[in-house]
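Chains A and B, in that order, are what the protein sequence lines are.
Residue numbers are given in my numbering: position 188 of the first sequence equals residue 188, and the series is strictly consecutive.
Residue numbers are given in my numbering: position 33 of the second sequence equals residue 33, and the series is strictly consecutive.
Note that CB positions come from ideal geometry on N, CA and C, so glycine has one too.
Because the structure is a prediction, the values reported are computed rather than measured.
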Amino acid sequence: MLDAKFIDSDGRRLFVLRRHGGDSPRKRVLVVPPLFEELNRCRRMLALCGRVLVAAGYDVVLPDLSGTGDSAGGYGDASWQAWAADLANVDAWAAANPPQAPAAVLCVRAGTLLLPRLLASRGPGVVVAWQPVLDGGLYLQQFLRLRAMASKFAGGSETVKDLLAVLERGEAVEVAGYEVSSALGAALSEARVPADALPAGTSFAALECRSGGGDAASAPVRRLCDALAARGEAASATVLDAEQFWATQEIAAPAVVADATVRALEARGGGT
Amino acid sequence: MSDETVKRILVQVLGIEDRANALTQNTPLLGGIPEFDSMAVVSVLTAVEEEFGVVIDDDEVDAETFETLGTLTRFVNRKIQ
């Protein structure tokens, strides 16, 4: 069953999708969504994975963070602080309706950058991350590059450095229809996910996608997992033979990602 | 080796597996393949960065870099040397 609700998060109106099997008690997953256009491109994958998770006994809660998706406001009003609070509020709402154990977390792409604050507010747990973004500064530059490239091919001369300077001056930059405020740019620039930002007791499973598969996960993800493992946490990085569904021109939803997500949760006793 | 990797990245980003075998070094990209817009350019650059562990400054690329598969491949080969 699929519920679509608006809930209140500190006065902000948030759109939340909840998939559940109807009977309780069940294990839970809280999804931390990706940003900008990637959220749109991930919808089908999230829907497929949601159905697979429900069939495996999980309730799945997917919020649209303030200013994104169907939640009130636009990206121009969004703030990192508000997003961190939104996640904590959605988690608390989901935990109370009906009363359940803490949820496992599924963070998608740049949603992973909010993980440290989420875990700081609600304690450690089981985390599955889809192609996690661990460096917000790099991610911001890749996003700004969309505008710099479009400008270049139209005969303009905006560079990523120029756009970063605009943000630093306190002005917003519009990229592919999304407004990045100066404050959001600053927050993204500083956002990182080092091992010491994740509390003791965090269990972390990264899933990366590469068409044709491959053995080695990306270097930053491997470094994070190695650092977590070195202090005794359960940490793994798996490369799946799947398209990079958050970026492909045609919307894709490789089933292998949903299956691997359930397996990763089950292996860690996720959501219980 | 890297030629094949560049081709693979291109095919994946654009979702053109059905046309992969028709691609040659002379195949025009920007303006040639309809799917090849600025979003695709960024996706290709990001994929090249992650695959080869290099950082590409936007000063280093221009429309000519993406004129054909050949110009793109030569750019990548120069970058990874």
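From this set, the options, which residue's C-alpha is nearest residue i's C-alpha?
i, options, result
"B:Q12", "B:E60, B:T46 and B:D57", "B:T46"
"A:A237", "A:E266, A:S218 and A:L115", "A:S218"
"B:G70", "B:M39, B:E50, B:L29 and B:E35", "B:L29"
"A:M149", "B:F75, B:T73 and B:A63", "B:A63"
"A:E190", "A:K152, A:L134 and A:D10", "A:L134"
"A:R223", "A:V193, A:A242, A:R210 and A:D215", "A:V193"
"A:A84", "A:A195, A:R28 and A:R12", "A:R12"
"A:G269", "A:R169, A:N40 and A:V127", "A:V127"
"A:S360", "A:P199, A:G170, A:V160 and A:G156", "In the structure displayed, chain A extends from 1 to 272; residue 360 of chain A sits before or after that span and is not available."
"B:E17", "A:G212, A:A78, A:C107 and A:K152", "A:G212"
"A:G155", "B:S38, B:D57, B:E51 and B:L72", "B:S38"
"A:R18", "A:D10, A:D8, A:R26 and A:D3", "A:D3"
"A:M1", "A:K161, A:D23 and A:V160", "A:D23"
"A:A195", "A:E174, A:A216, A:V221 and A:G185", "A:V221"
"B:I84", "A:V160, A:Q244 and A:E250", "The question about residue 84 of chain B has no answer, for chain B in this structure spans 1 to 81."
"A:G201", "A:C225, A:I7 and A:E233", "A:E233"
"A:S9", "A:A47, A:A94 and A:A101", "A:A94"
So, is the C-beta of residue i closer than 7 angstroms to a C-beta in chain A?
i, result
"B:E60", "no"
"B:L14", "yes"
"B:E35", "yes"
"B:T71", "no"
"B:S43", "yes"
"B:S2", "no"
"B:T46", "yes"
"B:A63", "yes"
Please check if any C-beta of chain B sits within less than 7 angstroms of the C-beta of residue i.
i, result
"A:V173", "no"
"A:L146", "yes"
"A:F153", "yes"
"A:A237", "no"
"A:Q81", "no"
"A:V257", "no"
"A:A150", "yes"
"A:T272", "Only weak support exists for where A:T272 lies, its pLDDT of 47 falling under 50; the value from the coordinates is given anyway. A:T272 does not count as touching chain B."
"A:Q141", "no"
"A:S211", "yes"
"A:T261", "no"
"A:T159", "yes"
"A:D3", "no"
Do residue i and residue j have their C-beta atoms closer together than 7 angstroms?
i, j, result
"A:L167", "A:S182", "yes"
"A:A197", "A:P124", "no"
"A:A253", "A:M45", "yes"
"A:A229", "A:A235", "yes"
"A:Y75", "A:Y178", "yes"
"B:T73", "B:V6", "yes"
"A:F15", "A:S71", "yes"
"A:A96", "A:V29", "no"
"B:G53", "A:T248", "no"
"B:N21", "B:T68", "no"
"A:V173", "A:G214", "no"
"B:V76", "B:V44", "no"
"A:V262", "A:A82", "no"
"A:C107", "A:A129", "yes"
Do we get a CB-CB distance below 7 angstroms when we pair residue i with the residues of chain D?
i, result
"A:Q249", "Within the model displayed, chain D is absent; protein chains A and B are what it includes."
- Task: Would you check if there are 3 or more beta carbon pairs closer than 8 angstroms linking the stretch 32-40 of chain A to the stretch 106-115 of chain A?
- Result: yes
- Query: Would you call the stretch 39-53 of chain A and the stretch 248-259 of chain A in contact, with 3 or more CB pairs under 8 angstroms?
  - Reply: yes
- Message: Counting beta carbon pairs with one atom in the stretch 143-153 of chain A and one in the stretch 203-223 of chain A, are three or more of them shorter than 8 angstroms?
- Response: no
- Stretch-stretch touch, CB-based, cutoff 8 angstroms, three pairs: the stretch 121-138 of chain A with the stretch 32-45 of chain B: no
- Do the stretch 80-94 of chain A and the stretch 52-72 of chain A make contact, defined as three or more Cβ pairs closer than 8 angstroms? yes
- Item | Segments of 4+ residues assigned as alpha helix (DSSP H) that fall wholly inside the stretch 114-201 of chain A | 115-122, 136-153, 160-168 and 182-190
- Note down, one range per segment and in chain order, each alpha helix (DSSP H) of at least 4 residues found wholly within the stretch 32-112 of chain A. 37-55 and 80-96
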